[in-house]
């Protein structure tokens, strides 16, 4: 789970994915509606499709992906607020909010995949 969290943090959050614009966090604004493009949710859906086809290769379950998608819209956590790291730093988001990862990791057992097989031999590149 931590590996997937790190991937999302690195490749979406820190890389500058514009969550506020792409997920229309301020949809009252016409520009926000124009920029709405749920690429992050589509990414989570792709991972879900792979999980559905190969249920033993991910340590986490579908509930984990659903909760990440849900909370990317909920605005309950600072993880997906604003459009880039500079905005999050200027607003001191890390100190004023809780990270989604902290919340999910406190409930780790709820998100563990019972079918997970570490280094599953049925899923190989051959």
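Residue numbers (the numbering used here): 9 to 134.
We put the beta carbon where it would ideally sit given N, CA and C, even for glycine.
- Taken atom to atom, the span from the alpha-carbon of residue 105 to that of residue 86 is near 5 Å.
- Look at residue 20 here: in three-state DSSP terms it is helix.
- The alpha helix (DSSP H) runs lying completely inside the region 44–100 and spanning 4 residues or more are 47–61, 70–82 and 93–98, given in chain order.
- Looking only at 78, 80 and 70, the smallest Cα-Cα distance to residue 121 is reached by 70.
- Between residue 77 and residue 55 the beta-carbon gap is near 10 Å, outside 8 Å, which marks them as no contact.
- No Cβ-Cβ contact shorter than 8 Å links residue 68 with residue 123.
- Between residue 74 and residue 52, the alpha-carbon positions lie close to 8 Å from each other.
- In the same chain as residue 116, and ignoring 5 residues on each side of it, the C-beta atoms closer than 8 Å to its own belong to 9, in chain order.
- Taking residue 47 as reference, the option from 63, 61, 60 and 80 with the minimal CA-CA separation is 80.
- Taking every protein chain shown into account, the CB of residue 62 has fewer than 16 other CB atoms within 10 angstroms, so this residue is exposed.
- The C-alpha of residue 107 is placed about 11 Å away from the C-alpha of residue 17.
- Secondary structure note for residue 113: its alpha helix (DSSP H) is the uninterrupted segment 108–114.
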